[in-house]
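Beneath this line is the structure, given in structure tokens, with notes to follow.
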Ligand code: HAM
């Protein structure tokens, strides 16, 4: 019978053995960022809608088209978080984490919600691991975040990782540059309907990284933002590149990278992967020096990145990256009724020694218990019957090889502890 309910379109369940990859990715990230002094922060699943409108930008696609917004019973407009940065900055301000001019380093793992047309690598519920480094305007802060990003993918075993960088300058620069882009595409623009024209005028930089073939053609030969930067932005960008070269981080400068959220200033970057097809960004990040002030805090520079968990998992699968599997080590089998209590005690002793074991709960026959053991995917069955009880031993069966041997309970525990 077909199930009555399915996971909503654009969402996924993570089930064993896939979940092993998730756990491996999460552990790898937490361990890596610990080495750089980042602390974890967990923020609510929903926030006041205005927080995202003010940070991501009123004209951004995320805000105009993709937010899961609802009115709660108190008549307040709330939104499931479409990204992690604004909530982290909100928490940073609410808990005064940046007092005394400290640099604050935070990391997170969060689901995000965007009403998108689902396809490979693009979902309505997806997950990000991310970093926010708040309180430093130094190029060393940008370099640290970019270096960690690249090291993360290397540690996951993903090959050919290269950071693609750009500098989009300050708001004023972007305004002037946006006009230059619009005049370059004037011929194309006049043939668009009024909604298309308005979209282009509100956010002309997005034309540069559009995936639409017609727009791609219209922007060929468009001016580069790198020729419009103020000296301070140019010097900052050059310093970031020098630091990355010193740290042996592979990168290229790509003036077409502009990012979809409005809060960026100066450095922006992505890591892309061919294996992802159209949704080729593994991660995205950059500097956002106006955001903290924009949501009511003091003028505070900051830089961060978020990496799509599902996209990293797709690339790991494509590249056949092996990860440790989470599995139960043994299934305990009571071969006779008289052995049931002894099996229960053995299970307790083994768990106390840190060995993961399952037992039969349904009073099944020996044959059915052995079937259960096979299905459990545990590598071993441990069989205890009257004979073993008398001899003070157990039968340790290797379920893959089909071989078995008699060992004492102490030996059994020593063997399985060693195999971990
Ligand atoms: P973003 O570029 O919108 O940036 O998202 C970062 C990454 O999240 C993307 O590169 C992608 O891997 C993943 N992602 C985003 N949307 C989806 C989706 N619908 N399905 C699957 N994966 C997705 C941000 O969110 C910023 N908060 C990054 C940041 C942090 N900037 C500064 N600090």
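Numbering (the working numbering), first residue to last: 28 to 447.
Virtual Cβ for every residue (Gly too), placed ideally from N, Cα, C.
- For residue 385, the enclosing beta strand (DSSP E) begins and ends at 384-386.
- Residue 41 sits in coil when the DSSP states are folded into three classes, being neither helix nor strand.
- The Cβ atoms of residue 336 and residue 382 do not sit closer than 8 Å to each other.
- For residue 224, the enclosing alpha helix (DSSP H) has its first and last residue at 221-229.
- Residue 139 is not a Cβ neighbour of residue 159, given a cutoff of 8 Å.
- For residue 191, the enclosing beta strand (DSSP E) has its first and last residue at 190-194.
- With a minimum length of 3 residues, the unbroken runs of beta strand (DSSP E) contained wholly in the segment 233-305 fall at 278-280 and 294-299.
- For residue 112, the shortest separation between its Cβ and any heavy atom of the ligand HAM lies below 7 Å.
- Residue 348 and residue 181 have their C-alpha atoms some 11 Å from each other.
- The alpha-carbon of residue 441 is positioned some 13 Å away from that of residue 356.
- Closest in alpha carbon position to residue 81, among 107, 413 and 288, is 288.
- For residue 407, DSSP records a beta bridge to 357 and 425.
- Rounded to the nearest angstrom, the Cβ distance from residue 149 to residue 298 is 17 Å, too far for a contact under 8 Å.
- Under the three-state reduction of DSSP, residue 69 is assigned to coil, being neither helix nor strand.
- Taking residue 231 as reference, the option from 334, 200 and 257 with the minimal CA-CA separation is 200.
- When only Cα atoms are considered, residue 333 and residue 157 end up about 4 Å apart.
- With a cut-off of 7 Å, the C-beta of residue 28 is classified as distant from the ligand HAM, since no heavy atom of the ligand falls inside that distance.
- Unbroken alpha helix (DSSP H) stretches of 4 residues or longer found wholly inside the segment 313-373: 318-321 and 336-345, given in chain order.
- Residue 246 is not a Cβ neighbour of residue 285, given a cutoff of 8 Å.
- If you check the CB distance, residue 193 and residue 282 come in under 8 Å.
- For residue 152, the enclosing beta strand (DSSP E) begins and ends at 152-161.
- Spanning the alpha carbons of residue 343 and residue 323 requires a straight line of approximately 40 Å.
- Only residues of its own chain outside the window of five on either side were considered, and among them 132, 133, 134 and 158 have a CB closer than 7 Å to the CB of residue 65, listed in chain order.
- Inclusion of residue 191 and residue 279 in the CB contact set at 8 Å is warranted, their separation being smaller than that value.
- In the structure shown, residue 149 falls within a strand segment according to DSSP collapsed to helix, strand and coil.
- Bounds of the alpha helix (DSSP H) holding residue 210 are 198-211.
- By the Cβ rule, the segment 366-376 does not count as touching the segment 311-326, because fewer than three pairs are nearer than 8 Å.
- Three or more pairs of CB atoms, one per stretch, sit closer than 8 Å, so the segment 357-365 contacts the segment 399-406.
- Within the DSSP bridge table, the entry for residue 139 names 153 as partners.
- In this structure residue 422 is in contact with residue 410, their Cβ atoms being roughly 4 Å apart against a cut-off of 8 Å.
- Per the Cβ contact rule, the segment 69-80 is in contact with the segment 94-109 (3 or more Cβ pairs under 8 Å).
- Going by C-alpha positions, residue 263 is about 6 Å away from residue 166.
- At least one heavy atom of the ligand HAM lies closer than 7 Å to the C-beta of residue 334.
- Counting along the chain, the unbroken alpha helix (DSSP H) around residue 446 starts and ends at 436-446.
- By DSSP's assignment, residue 97 forms a beta bridge with 105.
- DSSP, reduced to helix, strand and coil, places residue 144 outside both helices and strands of the structure shown, so it counts as coil.
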